[in-house]
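There are 2 protein chains.
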Amino acid sequence: MRELYRANLDRLGRDLVEIARLVHRAALDGRTALETADVHGAERVISEDARIDMLQESLDDQAVRLLSLQAPVATDLRTVVASLRMSSSLERMGDLARHIAQLTRLRYPEHVIPEAVRPVFTQLADAAVEVAEEAVLLLETLDLAHADRIHALNVDVNALHLSVFRAIASPDWTASPSTTTDVTLASRYFERFTDHGLAVALKVRYLVTGECHHHRGADANGA
Amino acid sequence: MRELYRANLDRLGRDLVEIARLVHRAALDGRTALETADVHGAERVISEDARIDMLQESLDDQAVRLLSLQAPVATDLRTVVASLRMSSSLERMGDLARHIAQLTRLRYPEHVIPEAVRPVFTQLADAAVEVAEEAVLLLETLDLAHADRIHALNVDVNALHLSVFRAIASPDWTASPSTTTDVTLASRYFERFTDHGLAVALKVRYLVTGECHHHRGADANGA
Chain A
44 MRELYRANLD RLGRDLVEIA RLVHRAALDG RTALETADVH GAERVISEDA RIDMLQESLD
104 DQAVRLLSLQ APVATDLRTV VASLRMSSSL ERMGDLARHI AQLTRLRYPE HVIPEAVRPV
164 FTQLADAAVE VAEEAVLLLE TLDLAHADRI HALNVDVNAL HLSVFRAIAS PDWTASPSTT
224 TDVTLASRYF ERFTDHGLAV ALKVRYLVTG ECHHHRGADA NGA
Chain B
44 MRELYRANLD RLGRDLVEIA RLVHRAALDG RTALETADVH GAERVISEDA RIDMLQESLD
104 DQAVRLLSLQ APVATDLRTV VASLRMSSSL ERMGDLARHI AQLTRLRYPE HVIPEAVRPV
164 FTQLADAAVE VAEEAVLLLE TLDLAHADRI HALNVDVNAL HLSVFRAIAS PDWTASPSTT
224 TDVTLASRYF ERFTDHGLAV ALKVRYLVTG ECHHHRGADA NGA
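Protein chains in written order, with this note's numbering: chain A, 44 to 266; chain B, 44 to 266.
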């Protein structure tokens, strides 16, 4: 019984890593599709999101079964509850990568992002890919250096997100209203993606140190 | 022991209703503030959001304590896990009402929403208020008629959200790029708000009927 219990907890951890890997893959493919206006790449991100959703459901079922049959306490209980939360965050990251891909598909063969803000979006997409990669490493190793890196990337992304709004407000902005909408949403999707990555990092930090840093979201300015 | 256990489960349910009431209040006050460009009302929504956050944390702590000390199984376990999920959704609804209020404050004394789309936003805001009200009633009574109503409101909101994008894309759209960004975000916030309401409705439906309707979010078109 004890061994089965350990095996089930370990499987929960492995499945979380697996979901994080799929999210990282979605961020990578979504970045390429966005930057090259590649509709096939976008389609792939969109269809692969179903796998993330399925894995999350399976993980949640496992977690509830574990709670039911083995009634973990103390650290193990915290781990199971945190896993439920982290799988939600990862699933949302998959959705957001899908949204970026859907914008790419919607505007194909045009580019979603006008040239004026492409450098900012290159940085946003690179940061999102790195957040996802660091989330994989963090869940694999529980080394909090990866949580620190996610935190730093989040600070960068918030600044980039605001710089997108500044670009839109500047007198040089010549894009059409629909492009302005696309740029606004794409920037928001990247900001939300990395913020969910931060939520994962804070959960792991809590599990490792016992310290709770409440996650209030980084979009506190309403923009 | 048994009585204490029941009392704790009941308290979880009451606290969920209390959070839903605060979310309803935020939706009501946020609507008035948006429609009248009332900076004081907006400030109130923003500061009151901290209470929702605190109540959610307290509910989550209670739920984990209940899992730890009383190891519920079967329906009770499902209820506790669903409560954790619903408190997350309600907390996000509070954040989204706050974001609307933050836009109101940011643009004060101007209106956030230009006249051309005010009728659509009146409908969006009314739907959001009603979703929150129905969530309160649903959590109080577990009467699935309220879940049905939330479902119907969600369908309306998705159509309204798309009509905002159509208005922005029309040749008659004359708003500035920054206003276009505000309108895009505000519409997205309302869409997310009601979608989280739908997530609550689906959880309650699952608890009552045992049927699982997966919630994939309603923003499937990436816009």
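Here a beta-carbon is modelled for each residue, glycine too, at the ideal position from N, C-alpha and C.
### Query
What's the gap between the Cα of B/N201 and the Cα of B/S230?
As a working note, residue 201 of chain B is residue 158 in the second sequence. As a working note, residue 230 of chain B is residue 187 in the second sequence. Taking the straight line joining both Cα atoms gives about 10 Å.
### Whole-angstrom distance between B/F164 and A/D96, CA atom to CA atom
Locating residue 96 of chain A in the first sequence gives position 53, where the first residue counts as 1. Locating residue 164 of chain B in the second sequence gives position 121, where the first residue counts as 1. About 32 Å.
### Task
State buried or exposed for A/L241, treating a residue as buried only when at least 16 other CB atoms are found within 10 Å of its CB.
In the first sequence, residue 241 of chain A corresponds to position 198, counting from 1. Counting Cβ neighbours within 10 Å, A/L241 comes out buried, since at least 16 surround it.
### Task
Give the residues of chain A in contact with B/P220, contact being defined as C-beta atoms less than 7 Å apart.
By 1-based counting over the second sequence, the position of residue 220 of chain B is 177. Ordered by position in chain A, the residues that pass the 7 Å Cβ test against B/P220 are I211, A212, W216 and T223.
### Task
Flag B/V163 as yes if its beta-carbon sits less than 9 Å from any beta-carbon of chain A, otherwise no.
Mapped onto the second sequence, residue 163 of chain B falls at position 120. For B/V163, the answer is no, since every Cβ of chain A falls outside 9 Å of its Cβ.
### Task
Please confirm if B/V107 has its CB atom under 9 Å from at least one CB of chain A.
Stepping through the second sequence from its first residue, residue 107 of chain B is reached at position 64. The beta carbon of B/V107 falls within 9 Å of a beta carbon belonging to chain A, placing the residue at that interface.
### Query
Just how far apart, CA to CA, sit A/V207 and B/L55?
Stepping through the first sequence from its first residue, residue 207 of chain A is reached at position 164. Stepping through the second sequence from its first residue, residue 55 of chain B is reached at position 12. The C-alpha of B/L55 is placed about 42 Å away from the C-alpha of A/V207.
### Message
With distance defined between alpha-carbon atoms, name the residue in A/D169, A/V247, A/G253 and A/C255 nearest to A/S132.
### Response
The residue given as residue 132 of chain A occupies position 89 in the first sequence. Residue A/V247 is the option with its Cα nearest to A/S132.
### Task
Please list the partners that B/T227 has in chain A, where partner means a Cβ-to-Cβ separation under 8 Å.
For the purposes of this step, residue 227 of chain B is taken as residue 184 along the second sequence, with counting starting at 1. What B/T227 touches in chain A: T223, T224, T227 and L228.
#### Entry: Element boundaries [alpha helix (DSSP H), containing B/A242]
Start at 1 with the first residue of the second sequence, and residue 242 of chain B comes out as number 199. For B/A242, the enclosing alpha helix (DSSP H) starts and ends at P220 to T252.
### Task
Can you tell me which of B/R94, B/V60 and B/R49 puts its alpha carbon nearest to the alpha carbon of B/L112?
Position 69 of the second sequence holds residue 112 of chain B. If we check each option's Cα against that of B/L112, B/R49 comes out closest.
### Task
Within the same chain, show all residues whose beta-carbon is closer than 6 Å to that of A/A266, passing over the 5 residues directly before and after it, in chain order.
Mapped onto the first sequence, residue 266 of chain A falls at position 223. Any answer about A/A266 is weak, because its pLDDT of 38 lies below 50 and its placement is not dependable; what the coordinates show is given next. Answer for A/A266: F208, listed in chain order.
### Query
Looking at the C-beta of B/A171, does it have a partner C-beta in chain A at a distance below 9 Å?
Position 128 of the second sequence holds residue 171 of chain B. For B/A171, no CB of chain A lies under 9 Å from its own CB, so it is not counted at the interface with that chain.
### Query
Is it the case that the Cβ atoms of B/V124 and A/L110 are separated by a distance below 9 Å?
Against the second sequence, residue 124 of chain B aligns to sequence position 81. Against the first sequence, residue 110 of chain A aligns to sequence position 67. Between B/V124 and A/L110, the CB-CB gap stays under 9 Å.
### Query
Just reading off the alpha helix (DSSP H) that B/E158 is part of, what are its end residues?
Position 115 of the second sequence, counted from the first residue, corresponds to residue 158 of chain B. From DSSP, B/E158 is part of no alpha helix (DSSP H); its letter is neither H nor E.
### Query
Can you list the residues of chain A that B/T114 reaches, using a CB-CB cut of under 7 Å?
Against the second sequence, residue 114 of chain B aligns to sequence position 71. For clarity, residue 114 of chain B is Ala in the given sequence; the question names Thr instead. Ordered by position in chain A, the residues that pass the 7 Å Cβ test against B/A114 are A114.
### Query
What residues of chain A sit near B/L127, judged by a beta carbon separation below 9 Å?
On the second sequence, position 84 is the one that residue 127 of chain B refers to. V124, L127 and R128, listed in chain order.
### Task
State the start and end residues of the unbroken alpha helix (DSSP H) segment that holds A/S101.
The residue labelled residue 101 of chain A in the question sits at position 58 within the first sequence. Start and end: V82 to Q113.
### Task
Go ahead and label A/H83 buried or exposed: buried means 16 or more other beta carbons lie within 10 angstroms of its beta carbon, across all protein chains shown.
In the first sequence, the residue the question calls residue 83 of chain A occupies position 40. Taking a 10 Å sphere around the C-beta of A/H83, we find fewer than 16 other C-beta atoms and assign the residue as exposed.
### Task
Look at the alpha carbon of B/D138 and the alpha carbon of A/A85, and state the distance between them as a whole number of angstroms.
Within the second sequence, the letter at position 95 stands for residue 138 of chain B. Within the first sequence, the letter at position 42 stands for residue 85 of chain A. Here the alpha carbon of B/D138 sits roughly 30 Å from the alpha carbon of A/A85.
#### Entry: Short-range partners of chain B found in the segment 63–86 of chain A, where Cβ spacing is below 8 Å
Taking 8 Å as the cut-off between beta carbons, none of the residues of the segment 63–86 of chain A comes near chain B.
#### Entry: Distance CB(B/L146)-CB(B/D81) smaller than 9 Å
Against the second sequence, residue 146 of chain B aligns to sequence position 103. Against the second sequence, residue 81 of chain B aligns to sequence position 38. Going by C-beta atoms, B/L146 is not nearer than 9 Å to B/D81.
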